[in-house]
Each structure stands twice: as structure tokens, then as C-alpha cells.
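Here's the structure, in C-alpha cells; my notes come after.
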Amino acid sequence: MKFFAFIFAAAFSVLAQLAQAQSLPQAPAIAAKSWLLMDYSTGQALASFNPDERVEPASLTKLMTSYVVMAALKEGRIKPEQTAPVSERAWQAQGSRMFIEPRRPVTVDELLHGMIVQSGNDASIALAEAVAGSEEAFVQMMNREAQRLGLKNTHFTNATGLPDPQHYSTARDLGAMAAAVIRDFPDHYPLYALREYTYNRISQPNRNRLLWLDPAVDGVKTGHTESAGFCLIASAKRGPRRLLSVVMGAASDAMRVQESQKLLNFGFQFFDSVRLYAGNQAVSRLRVWKGAQNAVKAGFLEDFTLSLPKGMADKVQASLVSQQPLLAPVQKGQRVATLKLSLDGQPVGEYPVVALETVPVAGVLGRAWDTIRLWFE
């Protein structure tokens, strides 16, 4: 997670510096309080406005509610087919509902559908109580997960998204939250693409109208309160690329759909995802002192990819700065160098390069010989 966070921050600096150098495509004007367009695979923000401003997340909160519930399902603490009790509190929940009833059996799977597709506040509370015993205890789990995922500007006070002064997030954190749902629970993520769900003989459509308008869109979630305005996190996959848009505080349902579509189209039209290095590909071999071997392969454990403006990939230049002297033992995954990238003559980021293999220490004579040699280096 720390390595990913470093890559995320460095990758974000690529586009920030390119923007300053006027090499970045101009994003369209977006009518929203704050917004963000990000590349799912790299974590880069391709364009944004007030991405770190605190906003009311409204029902986008249910992304974290679903994340915690899906984790409980994955760990076997609850089962999809198990019946969940419906408390008075869940039954009388305010706002959007799936219309569960205290004396009508409902399963965890049905509640998950009702929360994700119908945005049911009653379903959210019932799931929270099924997982943690109470909504209050569940909220503590939500905040722990937010902290673990590195969502530094997010805090929850409920599982539904109802307004509260201490219930807040940011466009950047919400984008990362949606990406975590897609990444960590691929088996459950298709629920976000369902256009309609029927429970208790009541059919309700998914409020994400982009599911009908753009065949590439397969999620994610809408939100709305009078104070939050109209919000939408949309995810679209065209070919191998997936982009996420976050629109907060639009003036209407139609506006949040329109602005989200503009962002997604902009990202796919003007940017390419470029794999600079394959995972476990040796970027270089670095000198190792006092080791059982005198060099170590260095690179990235996973594919190293950046989103770049179209036509700019051949203008990327790289230089490697190794950490010398590099002394054994060297562990696989240990940071051993820094890759510095420039684009069209502009410095755009520094990225950690790690050892692709383990190098144990040499024997007594080998260590002694390298000690002597280091005196003369």
C-alpha cells in the first residue's frame, strides 16, 4: 500500500507539471462543485477541480458500506443466503428505501442488491447491523477501512450518507474508494451495473442513467441530498482501459450525467495508458557489495504504467539513480534505486525501483574483500 501510494503521488505530479508546461490537453468546463477524472490502473488524476475540498458524499457513502459488507462476505463472517433481521431502525429509515419489513425475511444478498441498485437506506442499516451488531459499530469499521485505504480526508458517522457535519469526503478520496471496490471485489462489482432490481414486488431502476446511455459504463453510484446536490461516480471500460469520473454538487440529475459523460469522453479521447516497463522486467543491474553475487536485477514487481497525452509516449526519457553503496543482504522488493522521468524536456516524476531478487550476504572472505575495495571507491 505504501508503494502504491508513492506511485500514485508521483504519477499525479506528472500531470500537474505537464499542465504547468502547457503540454496537457485542456479539460472541458464542468458544472460541479468539485470533480475528478482518474485512470483506474495507474491512479493518476487526469483532470480535476477542487479534488481535495471537503464535500458531503450523500449516498456515495454506500461505496464504503458495500466495501465493508463485501469484506465480511469474502472472509465468511456472513453468508449471502443468510437471513438478516430487520430492526425498527432499519424499517423506519429516512430517504431512499428498498421497502424491507420487520416480519418479512430478507437475505444478505437481497439487501446488497437493494443498497447498491436501489440505494436503500433501510438496506444499508440492516446490513450494518448484520455485520457489526449496530450501525454505530459498523461505522467504526468504515472509518478503519478508510484509514487503511489512505483516505485522509474522509470520515463517516453513518452507513447511509444522511447529512451530518462530521460526515464528509473529497472527490479524490471517493475516486480511490470506488477504485478499491472494483479492485478488491471483482466478483461483486457487477452488481453496480444492474439497471433495475425488484423486491417486495416493487421494481426500482438504478439512478445511474449512464448505464443506459453509454455501453462502456458499468457503475458506479449516485448520491443526492438537498445540501450535497447531485453527485455521481461513473466508471467506464473501453478496451483494456478503465476511467473513473467523480462529479460532486451538480445542479440536477441530468447535469451530473452530462458532466460525467463529458469527463469520460475527454479522458478516452486525449489520453493513452502506456506501459513503460513490464512487471519483473530488469530496468538495470545494480552493483551489490558484500553479497553472494555482485549484482542484482532492479525494476518493478508489477507493470509500470502511466497515462500520457496521446502522441507523447515517444518523448518520455528515463534516468536511473541507484542507492550506492548497495550492501547485502538485499531482499526482493527492497527499494534500491529511483527512476527519474522527463517528458518533452520537462521533469515529471520520480519513482521507486526495487530489487527483483534476493541477494544474501557473501562468506567471510567475500565480505572482507569488498570491505577493502570499498575503501578505495
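Here my numbering is used: the first residue of the sequence shown is 723, the next is one more, and so on. Every residue gets a Cβ at the ideal spot worked out from N, C-alpha and C, and that includes glycine.
message: With a threshold of 8 Å on Cβ separation, who are the neighbours of A902 within its own chain once the five nearest residues in sequence on each side are excluded?
response: What you label residue 902 is simply residue 180 of the sequence shown in a count that begins at 1. Excluding positions up to five away in sequence, the list reads Y789 and L871.
Classification of K943 by the beta-carbon crowding that lies within 10 angstroms, buried from 16 upward: As a first step, residue 943 is located in the sequence shown; it is residue number 221 there, counting from the start. Buried, by the Cβ-count rule.
- prompt: My guess is that A881 and S925 are in contact by the Cβ rule of under 8 Å, so how many angstroms apart are they, rounded?
  reply: In the sequence shown, counting from the first residue as 1, residue 881 sits at position 159. In the sequence shown, counting from the first residue as 1, residue 925 sits at position 203. Wrong, their Cβ atoms sit about 24 Å apart, outside the cutoff.
query: For S770, which beta-bridge partners are listed by DSSP?
result: Counting from 1 along the sequence shown, the entry for residue 770 is found at position 48. According to the DSSP secondary-structure assignment, S770 is paired through a beta bridge with L758.
query: Going straight from the alpha carbon of R964 to that of Q840, what length do you get?
result: Within the sequence shown, numbered from 1, the residue matching residue 964 stands at position 242. Within the sequence shown, numbered from 1, the residue matching residue 840 stands at position 118. The C-alpha of Q840 is placed about 24 Å away from the C-alpha of R964.
query: Taking the C-alpha atoms as reference points, what is the distance between P1031 and D1066?
result: Translated into the one-based positions of the sequence shown, residue 1031 becomes position 309. Translated into the one-based positions of the sequence shown, residue 1066 becomes position 344. Between P1031 and D1066, the C-alpha separation is close to 11 Å.
query: In the segment 956 to 1005, which residue ranges form an unbroken alpha helix (DSSP H) of at least 4 residues, counting only runs that do not cross its ends?
result: Considered as a whole, the segment 956 to 1005 harbours 975 to 992 as its complete alpha helix (DSSP H) runs of no fewer than 4 residues, in chain order.
message: Taking its Cβ as the centre, do 16 or more other Cβ atoms sit within 10 Å of K796, making it buried, or is it exposed?
response: In the sequence shown, residue 796 corresponds to position 74, counting from 1. Exposed, because fewer than 16 other Cβ atoms sit within 10 Å of the Cβ of K796.
message: Distance check for M786 and Y999, CA to CA, integer angstroms please.
response: Here residue 999 is taken as the residue at index 277 of the sequence shown, counted from 1. Here residue 786 is taken as the residue at index 64 of the sequence shown, counted from 1. For the pair Y999 and M786, the Cα-to-Cα distance works out to about 33 Å.
Proximity of V1010 and V1086 at Cβ, strictly below 8 Å: Position 288 of the sequence shown, counting from 1, holds the residue named residue 1010. Position 364 of the sequence shown, counting from 1, holds the residue named residue 1086. No.
- prompt: Who are the near neighbours of G836 in its chain, counting only those whose CB is closer than 6 Å to its CB and skipping five residues on each side?
  reply: Start at 1 with the first residue of the sequence shown, and residue 836 comes out as number 114. The answer, listed in chain order, is M820, G842, A845 and Y921.
- prompt: On the three-state DSSP scale, how would you describe Q784?
  reply: The sequence position of residue 784 within the sequence shown is 62, counting from 1. According to the sequence shown, residue 784 is Lys rather than Gln. The answer is helix: DSSP assigns K784 an H, G or I state.
- prompt: Roughly how far, in whole angstroms, is the beta-carbon of L1078 from the beta-carbon of A1017, given that I think they are within contact range, below 8 Å?
  reply: Here residue 1078 corresponds to residue number 356 of the sequence shown, with the count starting at 1. Here residue 1017 corresponds to residue number 295 of the sequence shown, with the count starting at 1. With a Cβ gap of about 11 Å, L1078 and A1017 do not count as contacting.
query: Can you tell me whether DSSP reads L1008 as helix, strand or coil?
result: Translated into positions along the sequence shown, residue 1008 becomes position 286. Strand, per DSSP.
query: With distances taken from CA atoms, which of V969, L873, S809 and A900 is nearest E857?
result: Numbered from 1 along the sequence shown, position 135 holds the residue referred to as residue 857. Nearest C-alpha to E857: S809.
- request: Output the residue ranges of the beta strand (DSSP E) runs that lie fully inside the segment 861 to 932 and measure 3 residues or longer, sorted by chain position.
  value: DSSP assignment within the segment 861 to 932 yields the following whole beta strand (DSSP E) runs of 3 residues or more, N-terminal first: 918 to 921 and 924 to 927.
Of the residues Q748, V1076 and S756, the one placed nearest A972, counting alpha carbons only: Position 250 of the sequence shown, counting from 1, holds the residue named residue 972. For A972, the nearest C-alpha among the options comes from S756.
Three-state class that DSSP yields for S949 in the structure shown: Within the sequence shown, residue 949 is the residue found at index 227, counting from 1. Correct three-state label for S949: coil.
field: Residues near S735 in its chain [Cβ-Cβ closer than 6 Å; skip 5 each side]
entry: As a position in the sequence shown, residue 735 is number 13, starting the count at 1. Per-residue confidence for S735 stands at a pLDDT of 45, beneath the threshold of 50, marking its modelled position as unreliable; no derived number is given.
task: For L1008, collect the residues of the same chain with a Cβ closer than 7 Å to its Cβ; drop the 5 residues on either side in sequence, then sort them by chain order.
output: The sequence position of residue 1008 within the sequence shown is 286, counting from 1. Take L1008, set aside five residues on each side of it, and the residues of its chain with a beta-carbon closer than 7 Å to its own are A1017, V1018, A1020, S1044, L1048, V1058 and A1059, in chain order.
query: How many Å lie between R811 and A794 at the Cα?
result: Position 89 of the sequence shown, counted from the first residue, corresponds to residue 811. Position 72 of the sequence shown, counted from the first residue, corresponds to residue 794. The alpha-carbon separation between R811 and A794 amounts to approximately 22 Å.
Helix, strand or coil at L1023 [DSSP, three-state]: Taking the sequence shown and counting its residues from 1, the one referred to as residue 1023 is at position 301. Residue state, collapsed to three classes: coil.
task: Output the boundary residues of the beta strand (DSSP E) element that contains R825.
output: Counted from its first residue, the sequence shown places residue 825 at position 103. Counting along the chain, R825 falls outside any beta strand (DSSP E), and DSSP gives it neither H nor E.
- request: Starting from S846, trace the alpha helix (DSSP H) both ways and give me its first and last residue.
  value: Taking the sequence shown and counting its residues from 1, one reaches residue 846 at position 124. N843 to A854 is the extent of the alpha helix (DSSP H) around S846.
query: Any idea what DSSP makes of A696, helix, strand or coil?
result: Residue 696 lies beyond the stretch modelled for the chain, which goes from 723 to 1099, so this question has no answer here.
message: Does the structure place the segment 748 to 764 close enough to the segment 813 to 828 that three or more beta carbon pairs sit under 8 Å?
response: Contact between the segment 813 to 828 and the segment 748 to 764 is absent, because fewer than three Cβ pairs lie under 8 Å.
task: Provide the residue span of the beta strand (DSSP E) that contains V1070, from first to last.
output: One-based indexing of the sequence shown puts residue 1070 at position 348. First-last of the beta strand (DSSP E) with V1070: Q1068 to A1077.
- request: Mark R905 as exposed unless 16 or more other C-beta atoms lie within 10 angstroms of its C-beta, in which case mark it buried.
  value: Residue 905 sits at position 183 when you count from the first residue of the sequence shown. For R905, the number of other beta carbons within 10 angstroms of its own is below 16, and it is reported as exposed.
- prompt: In chain order, what residues of the same chain lie with their CB nearer than 8 Å to the CB of P750, ignoring the 5 residues before and after it?
  reply: In the sequence shown, residue 750 corresponds to position 28, counting from 1. Sequence-distant Cβ neighbours of P750 in its own chain, meaning closer than 8 Å and more than five residues away, are K984, L985 and F988.
message: Applying the 10 Å Cβ sphere with the 16-neighbour rule, what's the burial state of T783?
response: The count along the sequence shown starts at 1 and reaches residue 783 at position 61. Buried is the call here.
message: Check this for me: beta carbons of T947 and R776, under 8 Å apart or not?
response: Here residue 947 is taken as the residue at index 225 of the sequence shown, counted from 1. Here residue 776 is taken as the residue at index 54 of the sequence shown, counted from 1. No, Cβ-Cβ distance for T947 and R776 is not below 8 Å.
- prompt: Roughly how many angstroms lie between the CA atoms of G765 and L913, to the nearest whole one?
  reply: Indexing the sequence shown from 1 puts residue 765 at position 43. Indexing the sequence shown from 1 puts residue 913 at position 191. Taking the straight line joining both Cα atoms gives about 23 Å.
task: Provide the residue(s) that pair with A1040 in DSSP beta bridges, ordered along the chain.
output: For the purposes of this step, residue 1040 is taken as the residue at position 318 of the sequence shown. Per DSSP, L1063.
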